[in-house]
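Asker: Protein chains in written order, with our numbering: chain A, 7 to 319; chain B, 30 to 469. Take a look at the following structure, please.
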Amino acid sequence: MVEEKPKGLIVTHGPHIRGRDNIKRIMTDVLLALLPVSLASAYYFGWRAVLLMVISVVVAVVTEAFAVHGLGAVKLLAQPAQLYSDGSAAVTGLILAHIVTPVLPVWMIVIGSALAILIGKQVYGGLGQNVFNPALVGRVILFVAFPAAMGQKWILLADAATGATPLVNRSTGYFDLFIGRVGGCLGETSVLAVLIGALYLLWRGHIGWRIPVAYLGTTAVLSAVLGADPVYALLAGGVAYGAFFMATDMVTTPVTKLGRLVFGLGCGIVTVVIRELGALPEGVMFSILVMNAATPLIDRLTKPRVFGGGTSA
Amino acid sequence: MLAKATFKGGIHPPEYKHLSEHQIIEALPLPQQVVVPLVQHIGAPCKPVVKAGDNVKVGQKIAEAGGFVSAPIHAPIAGTVKRVARQEVSDGQLVDCVVIESDGTDEWDSPLKPHASLDEVDAKEIVEIVREAGIVGLGGAGFPTHVKLSPPPELVIDSVILNGAECEPFLTCDHRLMLEHSDKVVQGLLTLVKAVNAVKGYIAIESNKPDAIEAMQTAVREYPHLEVVTLETKYPQGAEKQLIAAVLGREVPSGKLPMHVGVIVNNIHTAVAVAEAVFDGKPLVQRVVTVSGTVVKNPKNLMVRLGTSFQELIDYCGGFTTQPAKIIKGGPMTGFAQYRLDVPVGKRVSGIVALSAAETDLEAEGPCIRCARCVDACPAFLMPNQLDKLARRGEFDKAQELGALDCIECAACTFACPAKRMIIQSIKLAKNEIRAKMRG
Chain A
7 MVEEKPKGLI VTHGPHIRGR DNIKRIMTDV LLALLPVSLA SAYYFGWRAV
57 LLMVISVVVA VVTEAFAVHG LGAVKLLAQP AQLYSDGSAA VTGLILAHIV
107 TPVLPVWMIV IGSALAILIG KQVYGGLGQN VFNPALVGRV ILFVAFPAAM
157 GQKWILLADA ATGATPLVNR STGYFDLFIG RVGGCLGETS VLAVLIGALY
207 LLWRGHIGWR IPVAYLGTTA VLSAVLGADP VYALLAGGVA YGAFFMATDM
257 VTTPVTKLGR LVFGLGCGIV TVVIRELGAL PEGVMFSILV MNAATPLIDR
307 LTKPRVFGGG TSA
Chain B
30 MLAKATFKGG IHPPEYKHLS EHQIIEALPL PQQVVVPLVQ HIGAPCKPVV
80 KAGDNVKVGQ KIAEAGGFVS APIHAPIAGT VKRVARQEVS DGQLVDCVVI
130 ESDGTDEWDS PLKPHASLDE VDAKEIVEIV REAGIVGLGG AGFPTHVKLS
180 PPPELVIDSV ILNGAECEPF LTCDHRLMLE HSDKVVQGLL TLVKAVNAVK
230 GYIAIESNKP DAIEAMQTAV REYPHLEVVT LETKYPQGAE KQLIAAVLGR
280 EVPSGKLPMH VGVIVNNIHT AVAVAEAVFD GKPLVQRVVT VSGTVVKNPK
330 NLMVRLGTSF QELIDYCGGF TTQPAKIIKG GPMTGFAQYR LDVPVGKRVS
380 GIVALSAAET DLEAEGPCIR CARCVDACPA FLMPNQLDKL ARRGEFDKAQ
430 ELGALDCIEC AACTFACPAK RMIIQSIKLA KNEIRAKMRG
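And the structure:
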């Protein structure tokens with residue numbers, strides 16, 4: 007029996023039940039979804055890939071800890087659970103590793119990862135405040151600062167051959183492209199691995215279908231229109247990885263349903279234009295960053311019509 | 030079964046209906062004493078017409094309506110008035126209450142007369158009986174029903190919808206009423222239809238109550254102008270405007286009421302109360318309350334005399350298996366957490382829900398990660414994350430432009446938010462500020 011005035015009853019405003027997900031669970035799910043890609047890259051590219059991924063994640067997490075806690079972060083270095091925090095820095099670190107070449111010097115990924123966190127995220131005020139995808143910011147900095155290292159040298163463990171990537175060759179077979187037996191960045195090669203992870207995120211409800219479908223659909227159609235092979239366009243380069251793991255980053259993409267379709271459409275257009283009409287072989291990185299910049303405008307233009315028409319109508 | 034009607038948006042919280050949906054309504058034994066608050070409705074407080082020392086019988090009017098938008102209050106038990114004084118009721122409110130000590134007789138003296146059939150009363154008389162009976166919306170809002178049944182003459186009402194969605198987790202009073210008193214529910218609907226000269230009556234029920242759907246379909250069989258509609262089980266399916274959109278496909282314009290699209294919506298329990306007032310001549314002195322929660326020993330649906338303390342309901346259900354962290358008046362989405370149980374059940378108490386510490390999410394707020402779950406969930410098609418940010422920055426004008434006043438306060442956004450942000454509180458703050466400014 008409870009006494010007349012029970013001690014310890016909590017009084018807050020409702021709702022008194024909440025959904026099961028929190029930020030940490032979502033970020034951890036993303037890391038899980040990136041596991042197939044990580045394993046595939048370890049298989050194809052060997053220990054260098056693993057080294058790059060581990061270093062990038064550690065540097066990202068530590069950088070964020072110091073950015074958020076200042077020198078107090080030193081205490082956290084011994085507490086991995088606390089360091090992990092909400093998991094968002096780890097995600098950024100892993101994605102950055104996935105979008106660089108496996109022969110990138112380790113010291114470069116350290117710089118890239120730290121700057122991805124500092125300039126891509128913390129300088130805006132931290133999680134939720136940044137305009138651009140932090141991993142892509144890191145990649146752009148590396149691309150501009152170290153173009154040679156970031157550029158042409160790829161290795162494929164199975165063949166131990168270095169050479170140009172499929173988007174430069176335009177001649178690799180579909181199956182090889184699909185399972186990833188090609189040269190490229192850690193994450194962009196195996197479309198199969200990308201799809202497995204993407205299906206997991208879709209099932210958990212952390213990404214929606216609109217951005218990937220709009221992005222990939224536009225890429226295929228526009229590529230065909232401009233005379234390139236649409237299937238090749240979807241399987242080669244980082245467009246599958248970008249469409250499912252970077253263009254779906256919640257913080258930097260629109261919140262409205264229509265907005266997300268527009269975002270995907272824009273990414274597809276810019277990607278294909280850069281690929282077919284521009285000087286670079288790959289356009290995914292810039293297309294997502296450009297659309298990130300357009301996101302506030304897209305949100306404003308695609309505001310949903312309020313139920314009932316709205317009082318200010 | 031017909032295809033399931035629904036609205037756009039919404040969430041699927043855990044239902045917890047299994048705890049009490051099979052519990053037959055039990056009458057709580059008569060309390061020794063009742064504390065009857067003089068505000069159990071939206072609108073002006075009632076004025077007492079009894080004083081300390083008076084003897085009252087069940088159903089006798091003890092407080093007069095305080096205005097048009099108000100509803101009289103009747104003695105829930107027979108006995109002596111102990112005092113009429115201000116005291117604390119649920120939610121920490123201080124209101125005048127009439128305290129009655131029971132004499133054990135349970136003798137009635139109702140101001141209403143029974144009727145054998147609807148033919149004996151016309152629309153105006155029905156509305157007057159509903160007013161005299163002190164009936165207010167028993168879904169929890171407590172809006173005086175006779176006011177709802179009195180639209181301005183230029184508005185034509187063609188449909189009455191009975192809200193059998195009961196979309197809040199845990200609550201099962203309407204479910205049980207539909208199963209155990211389907212005849213009264215139909216009588217109530219027929220009465221309401223006549224009261225507003227409507228053409229069609231609907232009983233809309235969520236798909237998680239297949240037995241209730243079947244019971245009501247059987248009960249309306251002989252009335253061609255009454256129809257049972259199956260709704261998708263989703264929160265907040267029972268929200269009035271969303272219900273109308275689902276059942277009739279009509280969208281109530283912003284700032285307007287259902288009557289502006291020719292519809293009146295009433296709760297199932299309200300319909301039962303209307304039937305009892307018109308046919309049995311009984312004013313509103315009792316209601317069904319669901320007492321539930323995984324830490325309640327024996328969750329039940331109880332028929333309770335108004336003014337009975339929360340504690341007595343909980344005791345009758347065997348108390349708690351472990352100390353709850355929260356005790357909520359109403360449902361867990363829109364209900365109010367209580368800190369004392371020696372407060373009375375009023376007309377607006379549809380449930381008492383106890384949550385364990387594990388079921389209570391007290392995680393600290395994080396930053397908005399623009400995941401848009403709130404935007405996807407909002408049944409009013411707002412952008413709750415935007416409204417939350419604007420409210421916190423004090424930009425209430427912008428919040429108004431973005432539709433803050435259209436928020437129905439269902440809290441689906443706040444349920445869905447993984448950053449555990451207190452979105453609904455921010456929006457309510459914005460609405461208060463906007464309205465204060467509009468009043469000048």
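Ideal placement from N, C-alpha and C gives every residue a C-beta, glycine not left out.
Determine whether the beta carbon atoms of B/M362 and A/G20 lie at a separation below 8 Å.
Answerer: The residue labelled residue 362 of chain B in the question sits at position 333 within the second sequence. The residue labelled residue 20 of chain A in the question sits at position 14 within the first sequence. Contact: yes.
Asker: By the three-class DSSP mapping on this structure, what secondary structure does B/Y264 have?
Answerer: By 1-based counting over the second sequence, the position of residue 264 of chain B is 235. B/Y264 falls in the strand class under three-state DSSP.
Asker: State the Cα-Cα distance for the pair B/L331 and B/C397, rounded to the nearest angstrom.
Answerer: Counted from its first residue, the second sequence places residue 331 of chain B at position 302. Counted from its first residue, the second sequence places residue 397 of chain B at position 368. Their Cα atoms are separated by approximately 42 Å.
Asker: To the nearest angstrom, report how far apart A/L307 and B/E251 are at their CA atoms.
Answerer: As a position in the first sequence, residue 307 of chain A is number 301, starting the count at 1. As a position in the second sequence, residue 251 of chain B is number 222, starting the count at 1. Their backbone Cα atoms lie some 52 Å apart in a straight line.
Asker: Check the Cβ of A/I304 against every Cβ in chain E and list those closer than 7 Å, keeping chain order.
Answerer: Although the question refers to chain E, the structure presented lacks it and instead comprises the protein chains A and B.
Asker: Determine, using beta carbons only, whether A/V312 and B/D435 come nearer to each other than 8 Å.
Answerer: Walking along the first sequence from the start, residue 312 of chain A turns up at place 306. Walking along the second sequence from the start, residue 435 of chain B turns up at place 406. Yes, they are a contact pair.
Asker: Measure from the alpha carbon of B/T35 to the alpha carbon of each residue in B/K449, B/P408, B/H289, B/K355, then state which is nearest.
Answerer: Stepping through the second sequence from its first residue, residue 35 of chain B is reached at position 6. Comparing Cα-Cα distances from B/T35 to each of B/K449, B/P408, B/H289, B/K355, the minimum goes to B/P408.
Asker: Looking at the strands, I want to know which residues DSSP matches up with B/L191.
Answerer: Taking the first residue of the second sequence as position 1, residue 191 of chain B is located at position 162. Paired residues: B/I232, B/N295.
Asker: Give me the chain B residues within the contact set of A/D27, using Cβ-Cβ distance strictly less than 7 Å, ordered along the chain.
Answerer: In the first sequence, the residue the question calls residue 27 of chain A occupies position 21. Simply P447.
Asker: Whole angstroms are fine: how far does the CA of A/I16 sit from the CA of A/V245?
Answerer: Looking up residue 245 of chain A in the first sequence gives position 239. Looking up residue 16 of chain A in the first sequence gives position 10. Each residue's alpha carbon lies about 50 Å from the other.
Asker: Quick one: list the residues of chain B neighbouring A/F313, beta-carbon separation under 9 Å, in chain order.
Answerer: Locating residue 313 of chain A in the first sequence gives position 307, counting from the first residue. Chain B residues near A/F313: F36, K37, G38, K270, Q271, A274, E280, V281, S283, C407, P408, A409, F410, L411, G432, D435, I437.
Asker: By the 10 Å Cβ neighbour count, where 16 or more other Cβ atoms means buried, how is A/M256 classified, buried or exposed?
Answerer: Within the first sequence, numbered from 1, the residue matching residue 256 of chain A stands at position 250. With 16 or more Cβ atoms within 10 Å of its Cβ, A/M256 is classed as buried.
Asker: For B/L167, decide whether its Cβ has a neighbour in chain A, counting only Cβ atoms nearer than 8 Å.
Answerer: The residue you call residue 167 of chain B lines up with position 138 of the second sequence. No, B/L167 lies away from the interface with chain A (no Cβ there is under 8 Å from its Cβ).
Asker: Using CA coordinates, which residue listed in B/G133, B/I293, B/D135 is at the minimum distance from B/V225?
Answerer: Locating residue 225 of chain B in the second sequence gives position 196, where the first residue counts as 1. The option with the nearest alpha carbon to B/V225 is B/I293.
Asker: Given a threshold of 16 other Cβ atoms within 10 Å of its Cβ, counted over all protein chains shown, does B/T443 qualify as buried or as exposed?
Answerer: Taking the first residue of the second sequence as 1, we reach residue 443 of chain B at position 414. By the neighbour-count rule (16 or more Cβ atoms within 10 Å), B/T443 is buried.
Asker: Quick one: which unbroken alpha helix (DSSP H) runs of 4-plus residues sit fully inside the segment 8 to 52 of chain A? Chain order, please.
Answerer: Listed in chain order, they are 29 to 39, 41 to 51.
Asker: One question on the structure: do B/A100 and B/V165 come within less than 8 Å of each other, judged by their Cβ atoms?
Answerer: Residue 100 of chain B sits at position 71 when you count from the first residue of the second sequence. Residue 165 of chain B sits at position 136 when you count from the first residue of the second sequence. Yes, these two residues count as a Cβ contact at 8 Å.
Asker: According to DSSP, is B/H204 part of a helix, a strand, or is it coil?
Answerer: As a position in the second sequence, residue 204 of chain B is number 175, starting the count at 1. Helix, per DSSP.
Asker: Output the distance between the C-alpha atoms of A/V64 and B/L206, rounded to the nearest integer angstrom.
Answerer: Stepping through the first sequence from its first residue, residue 64 of chain A is reached at position 58. Stepping through the second sequence from its first residue, residue 206 of chain B is reached at position 177. Straight-line Cα distance between these residues: approximately 60 Å.
Asker: Consult DSSP for A/W215 and reduce its assignment to one of helix, strand or coil.
Answerer: In the first sequence, residue 215 of chain A corresponds to position 209, counting from 1. It is coil, neither helix nor strand.
Asker: When the Cβ atoms of the segment 277 to 297 of chain B are set against those of the segment 187 to 197 of chain B, are three or more pairs found closer than 8 Å?
Answerer: As far as the Cβ criterion goes, the segment 277 to 297 of chain B touches the segment 187 to 197 of chain B, which means the pair count is three or higher.
Asker: Ends of the beta strand (DSSP E) at B/Q62?
Answerer: Start at 1 with the first residue of the second sequence, and residue 62 of chain B comes out as number 33. Unbroken beta strand (DSSP E) run through B/Q62: 62 to 66.
Asker: Between the segment 286 to 294 of chain A and the segment 141 to 155 of chain A, do at least 3 Cβ pairs fall closer than 8 Å?
Answerer: Cβ pair count under 8 Å is three or more, so yes.
Asker: If you scan the segment 278 to 348 of chain B from start to end, which runs of the alpha helix (DSSP H) of 4 or more residues do you find wholly inside it?
Answerer: Qualifying alpha helix (DSSP H) stretches, in chain order: 297 to 309, 339 to 345.
Asker: Do you know how far the Cα of B/I437 is from the Cα of B/D151?
Answerer: Taking the second sequence and counting its residues from 1, one reaches residue 151 of chain B at position 122. Taking the second sequence and counting its residues from 1, one reaches residue 437 of chain B at position 408. Taking the straight line joining both Cα atoms gives about 34 Å.
Asker: What residues in the segment 133 to 144 of chain A have a beta carbon less than 9 Å from any beta carbon of chain B?
Answerer: Listed by position, the residues of the segment 133 to 144 of chain A near chain B (Cβ gap below 9 Å) are L133, G134, Q135.
Asker: Helix, strand or coil: which one does DSSP assign to A/G131?
Answerer: As a first step, residue 131 of chain A is located in the first sequence; it is residue number 125 there, counting from the start. Correct three-state label for A/G131: coil.
Asker: Using a Cβ-Cβ distance cut-off of 8 Å, determine whether B/Q122 contacts chain A.
Answerer: Taking the second sequence and counting its residues from 1, one reaches residue 122 of chain B at position 93. No, B/Q122 lies away from the interface with chain A (no Cβ there is under 8 Å from its Cβ).
Asker: Mapping DSSP to helix, strand and coil, what is A/S94?
Answerer: The residue you call residue 94 of chain A lines up with position 88 of the first sequence. Note: A/S94 maps to helix in three-state DSSP.
Asker: Excluding the five sequence neighbours on either side, which residues of its own chain have a C-beta within less than 6 Å of the C-beta of B/P105, listed in chain order?
Answerer: Along the second sequence, one-based indexing puts residue 105 of chain B at 76. Excluding residues within five positions, the ones whose Cβ falls inside 6 Å are V63, V314, R334, L335, G336.
Asker: In the segment 91 to 106 of chain A, which residues sit with their C-beta less than 9 Å from some C-beta in chain B, listed in chain order?
Answerer: Listed by position, the residues of the segment 91 to 106 of chain A near chain B (Cβ gap below 9 Å) are D92, S94.
Asker: Using a Cβ cut-off of 8 Å (strictly closer), state whether B/V378 contacts chain A.
Answerer: The residue you call residue 378 of chain B lines up with position 349 of the second sequence. For B/V378, the answer is no, since every Cβ of chain A falls outside 8 Å of its Cβ.
Asker: Using a Cβ-Cβ cut-off of less than 8 Å, list which residues of the segment 57 to 76 of chain A approach chain B; keep chain order.
Answerer: Under the 8 Å Cβ criterion, the segment 57 to 76 of chain A contributes no residue.
Asker: Using DSSP with H/G/I as helix, E/B as strand and the rest coil, what is B/D125?
Answerer: Translated into the one-based positions of the second sequence, residue 125 of chain B becomes position 96. It is a strand residue.
Asker: Any heavy atom of the ligand SAH closer than 7 Å to the Cβ of B/T262?
Answerer: What this structure holds is no ligand at all, so the ligand SAH is not there to describe.
Asker: At 7 Å on the CB atoms, spell out the chain A contacts of B/R399, in chain order.
Answerer: The sequence position of residue 399 of chain B within the second sequence is 370, counting from 1. Result: G134, M256, V257, V261.
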